[in-house]
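For the sequence shown, this note's numbering begins at 4 and goes up steadily by one.
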Amino acid sequence: MQTSYTFELHAELIPGFISTILTALPMTVYLLAYSLLFGLVIGLLLTFAQLRGGRVLASLAHGYISLMRGVPSLVLIFLLFMGLPQVMPVLAKLPKSTFILAAMTLISSANLGEMMRSSYLAVEHGQTEAALSVGMTEVQALRRIVLPQAVAIAVPNLGNNVISIFKETALAFSIGTLDLMGRAQTISQASYGASRLEVYISAAIIYWGICLLLQLVTTIIERATSRGRTVTA
């Protein structure tokens, strides 16, 4: 038997839904900020392991990155949420947001680690050799020559990663966390699905608007960090 779905749009409800969904913005910001922070720290360690850690650490880092980039985010969330308490029952008492944060940190660290590694390698090695030849130490060359250029190169990719992490937070509702998408789900369920079209349009507007804001911030930072750089073909 074929089932047909018809939805009648009531656009006048959208502004109210937007304001209600936005009450869950602090949880989304929390997930984004901490997964980005922890992801950058782990990503930095992965970058160091690949570039300076020797064959064993480099292989481990490559294996970790391959695993994290190959497992879908939703699958990893369920694995952590349902699997970790089986190994350590005490973890079952943790807030659900902790498992979301852990999953997003693991996945983002792999992407951020690759971003930092590629940005570092994009700086011509000859510049480091030139700095050493005029008396700079390796640390000074890294701090004064390599890092400023690597950061400027990384900013666009970092912005894309931040936007990607932000959109990934929408998966938090899958285990009952009240982020933006979780709030949208509760509103839709409260109306027994009668207003789900307006609710999801409202959620889409919110996500789109915040992504535009993140893109604007990225552009401003990119212009600031690129000031004074010479771009060569």
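All residues carry an ideal CB built from backbone N, CA and C; glycine is no exception.
query                                                                                                                                                                                   : result
Considering only residues of the segment 78–105, which uninterrupted beta strand (DSSP E) runs meet the minimum length of 3 residues and lie entirely inside it, listed in chain order? : none
Straight-line CA distance for glycine 179 to glycine 185?                                                                                                                               : 7 Å
Looking at C-alpha atoms only, which residue of His65, Ala157, Gly46 is the closest neighbour of glutamate 225?                                                                         : Ala157
Rounded to the nearest angstrom, what separates alanine 27 and arginine 146 at their Cα positions?                                                                                      : 40 Å
Can you name the start and end residues of the alpha helix (DSSP H) that threonine 228 belongs to?                                                                                      : 199–229
Report the rounded CA-to-CA distance for leucine 200 versus glutamine 188, giving the unit in angstroms.                                                                                : 11 Å
Please name the residue, chosen from Ala125, Ile204, Arg72, Ser229, that lies closest to glutamate 11 on a Cα-to-Cα basis.                                                              : Ile204
Which residues bound the alpha helix (DSSP H) around serine 69?                                                                                                                         : 57–73
Assuming the contact rule is C-beta atoms closer than 8 Å, alanine 106 and isoleucine 80 should be a hit. Round their C-beta distance to whole Å, please.                               : 5 Å
Assuming threonine 23 is part of the alpha helix (DSSP H), what are its boundary residues?                                                                                              : 17–24
Report the residue from Ser76, Leu77, Thr101 whose alpha carbon sits nearest the alpha carbon of threonine 88.                                                                          : A small fix is needed here, since residue 88 is proline in this sequence, not threonine. When only C-alpha atoms are compared, the closest one is Thr101.
Out of Asn160, Ser198, Ala133, Ala113, state which residue places its alpha-carbon closest to the alpha-carbon of threonine 74.                                                         : In the sequence as presented, threonine is not what sits at residue 74; that position holds valine. Out of Asn160, Ser198, Ala133, Ala113, Ala113 has the C-alpha closest to the C-alpha of valine 74.
Suppose contacts are defined by Cβ-Cβ distances below 9 Å. Is alanine 173 in contact with tyrosine 123 by that definition?                                                              : no
Can you list, in chain order, the residues of its chain whose CB lies under 6 Å from that of leucine 60, leaving out five sequence neighbours each side?                                : Ala52
Near threonine 108, what residues of its chain come up, given a Cβ to Cβ distance below 6 Å and the 5 sequence neighbours on each side ignored?                                         : Ser38, Phe41, Gly42
Secondary structure at serine 194, three-state DSSP: helix, strand or coil?                                                                                                             : coil
What did DSSP end up calling valine 137 once you bin it into helix, strand or coil?                                                                                                     : coil
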